[in-house]
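Let me begin by presenting the structure, written as structure tokens, before commenting on it.
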Amino acid sequence: MEIPGEVLKIAEDIRTMRVRGAGRIARAAAYALKLAAQRYGGCRDAKDFIKYMKSVAEILGSTRPTAVSLHNSLRFVLSRIEREGSFDQMVERAIKAAEEFIDSSINAERRIGELGSNLLEEGDTVLTHCNSSAALSVIKTAHKRGMKLRVYATETRPKFQGLISYQDLKNAGVPVTLIPDSAVRFFMREVDKVVVGADTVTANGAVVNKVGTSLIALAAHEARVRFYVAAETYKFSPATVLGELVFIEERPPEEVLPREVFESLRVRNPAFDITPPEYIDAIITEKGVIPPKAAIMILMEEYGASLREELTKITLDIEDSAYPAALM
Amino acid sequence: MKNWQEVLNLIERFNVYSSTEVTFTALDTLLQIFREASGLSEALKDSEEFLRGLFSIRPTSVMTLNVVSSLLLGLENSIGNSTSLKDWIDELDARVSSLTKEISSKTNTVATLGARRIKDGDRLLTCSYSRTVKALFSRLREEGKSVYVYVTESRPGGEGVALAKELGRMNFPVELIVDSAVRFFMKDVDIVVVGAEAIAANGAVVNKVGTSLIALAAHEARVRTFVLATTDKFSPETVFGELVKLPVLRDTSLLPGLEKYGDINVAAPLFDVTPPRHIDTIVTDRGVVAPEAVILLVKELYGWPPASIDPLSILRKLFR
Numbered sequence: 242m243e244i245p246g247e248v249l250k251i252a253e254d255i256r257t258m259r260v261r262g263a264g265r266i267a268r269a270a271a272y273a274l275k276l277a278a279q280r281y282g283g284c285r286d287a288k289d290f291i292k293y294m295k296s297v298a299e300i301l302g303s304t305r306p307t308a309v310s311l312h313n314s315l316r317f318v319l320s321r322i323e324r325e326g327s328f329d330q331m332v333e334r335a336i337k338a339a340e341e342f343i344d345s346s347i348n349a350e351r352r353i354g355e356l357g358s359n360l361l362e363e364g365d366t367v368l369t370h371c372n373s374s375a376a377l378s379v380i381k382t383a384h385k386r387g388m389k390l391r392v393y394a395t396e397t398r399p400k401f402q403g404l405i406s407y408q409d410l411k412n413a414g415v416p417v418t419l420i421p422d423s424a425v426r427f428f429m430r431e432v433d434k435v436v437v438g439a440d441t442v443t444a445n446g447a448v449v450n451k452v453g454t455s456l457i458a459l460a461a462h463e464a465r466v467r468f469y470v471a472a473e474t475y476k477f478s479p480a481t482v483l484g485e486l487v488f489i490e491e492r493p494p495e496e497v498l499p500r501e502v503f504e505s506l507r508v509r510n511p512a513f514d515i516t517p518p519e520y521i522d523a524i525i526t527e528k529g530v531i532p533p534k535a536a537i538m539i540l541m542e543e544y545g546a547s548l549r550e551e552l553t554k555i556t557l558d559i560e561d562s563a564y565p566a567a568l569m
Numbered sequence: 606m607k608n609w610q611e612v613l614n615l616i617e618r619f620n621v622y623s624s625t626e627v628t629f630t631a632l633d634t635l636l637q638i639f640r641e642a643s644g645l646s647e648a649l650k651d652s653e654e655f656l657r658g659l660f661s662i663r664p665t666s667v668m669t670l671n672v673v674s675s676l677l678l679g680l681e682n683s684i685g686n687s688t689s690l691k692d693w694i695d696e697l698d699a700r701v702s703s704l705t706k707e708i709s710s711k712t713n714t715v716a717t718l719g720a721r722r723i724k725d726g727d728r729l730l731t732c733s734y735s736r737t738v739k740a741l742f743s744r745l746r747e748e749g750k751s752v753y754v755y756v757t758e759s760r761p762g763g764e765g766v767a768l769a770k771e772l773g774r775m776n777f778p779v780e781l782i783v784d785s786a787v788r789f790f791m792k793d794v795d796i797v798v799v800g801a802e803a804i805a806a807n808g809a810v811v812n813k814v815g816t817s818l819i820a821l822a823a824h825e826a827r828v829r830t831f832v833l834a835t836t837d838k839f840s841p842e843t844v845f846g847e848l849v850k851l852p853v854l855r856d857t858s859l860l861p862g863l864e865k866y867g868d869i870n871v872a873a874p875l876f877d878v879t880p881p882r883h884i885d886t887i888v889t890d891r892g893v894v895a896p897e898a899v900i901l902l903v904k905e906l907y908g909w910p911p912a913s914i915d916p917l918s919i920l921r922k923l924f925r
């Protein structure tokens, strides 16, 4: 079955990071699946169509194996095709599912802002880390509703993403102060709430986010300051329900120090760390504000069908292999 | 610009960071001021301006305060009545070199006691640039103990990079990490070792900002935190409830990488306070003590209740 050139082009753009950011990657992938369904030129047979869509999804998925949002977008669409029905119904469902994903993804950030701003109060001092558009949406929405807020933004070494947040908040008219990452505990006693974004939310409610997040959560916990994570449901990782660990990328040392400085020493530069659910008061999703340990509820709601299918497959694989027999 | 003004600039820009080094620099500078002065009153006047500048730049450096006070008290008692500049220079020279020796010897005692608590193969984490911590590593090297070291960048200032490089040159395997990555790596760490800028009567430790976060993360991971400090760093003033003043920079001068963004509203504290409950022991030249027992050492060193120290008022008495 031939895969349309435009679809391959999108895959390439994701691979080369011309398209980046969790939300944009996910939407590009959903759009590619929609295109693939519209341009399908093979046999008008439901089974063939499913096989074709799966191979398209496989190509798209291989571009960024660890990007949770991308895989969720593919899962979302595929899980809605794979039901009983005629060929025509299936094509229609694929297109509809892709459109639904794109719409809800675009609306998610706004919705998170609305829900999250309910958690802030007049006069609050808010601390944020790195640059999360979902977290900033919470702060800016509260500001737009007339709440007086003050924000501490961490500089977020090594790449200074905190500066983007700083600029964004400043442009929105929110009083904001940039602080070094090491000063988080120093200022925590002035902070009322911490709001950060997420790269990935795991099955047990742990949050993978920019390195330093877990340290901030710990300092907030110590000071009894509320800690909120703003995360779209497509950041929740179904793979972790199946026991998979989230891979934490270590980035090149050049981000931390110029080459001539670090020649004599090793630089370790992990991009993310993991904040345990115990330190998180709530995760703000577009579907609602949930306790972190209820992450599994979101995962089952959103990806239940495909998860059940994968579990069945794993069980069958085990039954096929010799080991269980030997164990029995 | 006078030499001593240049020295203040170096300290302000963190070119001289370690509080032990700040103290050595202060002693040397005072001697130099006297050597370069045309008369005793000029020497005393410049000394006063230098010390006033120093204590406003580094109000936290209790060691400098304590050592300079003891120097000035000694001068007052021995030579306070003399008007000969030469006599002053000779007396100052002798006292500065004996104080310097004394501090170095205390630092070595701390390093030796500290090294006893560290095993071959331990993984340590440290931050900033502490002369005492460096002495510990020299001692470990002498004892043939190899340890693995994580050093945080330690912004603002970033003087952790200099320490990491020096430890690398001493052939320790070193990894530099950003300040944010402390909790990420803490699970691999056996012991946190840090220096101190000042130690309060209740055992709280004032040190480079970020230290309290590291100690918190260590406490959470049940990793022990050792503070290495000579007894010169104990602050008798805090017995009277005096708070150690913590300077906060409002510009990007110590935040390299941000200068190019122009006018940013920053707040960069230089020091923070680590509560005694997150510190396992303080290794001093008078022994290894629990932070809560620091008060005993303060009593032993300064008497009870300790006398209040103000080097500038001692200096003013010297004018006459």
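Chains A and B, in that order, give the protein sequences. So the first sequence is numbered by this note's numbering: it starts at 242 and just counts up by one. So the second sequence is numbered by this note's numbering: it starts at 606 and just counts up by one. Every residue, glycine too, gets a C-beta built ideally from N, C-alpha and C. Predicted, not measured: the structure shown is a model, and the values here were computed from it.
With which residues is A:Asp344 paired in a DSSP beta bridge?
-> Partner(s): none; A:Asp344 has no beta bridge.
Using three-state DSSP, classify A:Met569 as helix, strand or coil.
-> For A:Met569, the pLDDT reaches just 46, beneath the cut-off of 50, and the residue's location in the model is therefore unreliable, although a value from the coordinates is still provided. Coil.
Show which residues of chain B have a CB atom less than 7 Å away from the CB atom of A:Phe427.
-> Correct list: Val814, Pro874, Asp877.
Measure the C-alpha to C-alpha separation of B:Val627 and A:Glu362 and round it to an integer number of angstroms.
-> Distance between the alpha carbons of B:Val627 and A:Glu362: 45 Å.
Taking C-beta pairs closer than 9 Å, name the residues in chain B that A:Ile420 reaches, listed in chain order.
-> Those are Val871, Ala872, Ala873, Pro874, listed as they occur along chain B.
Quick one: what's B:Phe831 bridged to in DSSP?
-> Partner(s): B:Val798, B:Thr886.
N- and C-terminal bounds of the alpha helix (DSSP H) containing B:Ile694 = Following the DSSP letters along the chain, one finds B:Ile694 inside the alpha helix (DSSP H) bounded by residues 690-721.
Chain B contact residues for A:Phe488, given Cβ-Cβ distances below 9 Å = Correct list: empty, because the minimum Cβ distance to chain B is about 14 Å.
Segment contact flag, the region 837-855 of chain B with the region 739-749 of chain B, C-beta cutoff 8 Å, min 3 pairs = In short, these stretches do not touch, since the Cβ pair count stays below three.
Is the region 413-421 of chain A close to the region 440-450 of chain A, with three or more CB pairs under 8 Å?
-> These segments do not touch.
Using a Cβ-Cβ distance under 8 Å, would A:Phe468 count as near chain B?
-> Taking Cβ atoms only, chain B never reaches closer than 8 Å to A:Phe468, which makes this a no.
In angstroms with no decimal places, state the Cα-to-Cα distance between B:Gln610 and B:Ile616.
-> Their backbone Cα atoms lie some 10 Å apart in a straight line.
Sufficient close CB pairs (3 or more, under 8 Å) joining the region 811-818 of chain B to the region 471-482 of chain A = No, the region 811-818 of chain B does not touch the region 471-482 of chain A.
Beta-carbon neighbours of B:Lys739, restricted to chain C and to distances below 8 Å = Given the protein chain composition of this structure (A and B), no chain C is represented.
Could you check the C-alpha separation between B:Met668 and B:Val903 for me, to the nearest Å?
-> The alpha-carbon atoms of B:Met668 and B:Val903 are separated by roughly 13 Å.
A:Glu542 - DSSP class collapsed to helix/strand/coil = The DSSP-derived three-state label of A:Glu542 is helix.
What is the residue span of the beta strand (DSSP E) that A:Phe468 lies within?
-> Per DSSP, A:Phe468 belongs to the beta strand (DSSP E) from 467-471.
What residues of chain B sit near A:Asp329, judged by a beta carbon separation below 7 Å?
-> Simply none; closest approach about 51 Å.
Are the region 521-534 of chain A and the region 349-363 of chain A touching, with three or more C-beta to C-beta distances below 8 Å?
-> At 8 Å Cβ cutoff, the stretches touch.
Report the option in A:Leu319, A:Leu315, A:Leu368, A:Ile457 whose CA atom is closest to the CA atom of A:Ala252.
-> Taking only the C-alpha atoms, the option nearest A:Ala252 is A:Leu315.
Spatial distance of A:Met569 from A:Val379 (CA atoms) = No answer about A:Met569 holds up, because its pLDDT of 46 lies below 50 and its placement is not dependable.
In or out: B:Ile914 buried (at least 16 other Cβ within 10 Å) or exposed?
-> It is buried - the Cβ of B:Ile914 has at least 16 other Cβ atoms within 10 Å.
Decide if B:Leu848 is buried, meaning its Cβ has at least 16 other Cβ atoms within 10 Å, or exposed.
-> B:Leu848 counts as exposed, since fewer than 16 other beta carbons sit within 10 angstroms of its beta carbon.
If the cut is a Cβ gap below 9 Å, which residues of chain B does A:Gly453 touch?
-> Chain order gives the chain B residues near A:Gly453 as Val783, Asp784, Ser785, Ala786, Val787, Arg788, Phe789, where near means a beta carbon separation below 9 Å.
May I have the straight-line CA-CA distance separating A:Asn510 from B:Lys706, to the nearest angstrom?
-> Note on geometry: alpha-carbon atoms of A:Asn510 and B:Lys706 lie some 40 Å from one another.
Residues of the region 816-835 of chain B with a CB closer than 8 Å to any CB of chain A: list them in chain order, please.
-> Result list: Ser817, Leu818, Leu821, Ala822, Glu825.
Neighbouring residues, chain A, relative to B:Ser666 (Cβ below 7 Å) = Against B:Ser666, chain A offers no close residue; the least beta-carbon distance is about 18 Å (beta-carbon pairs closer than 7 Å).
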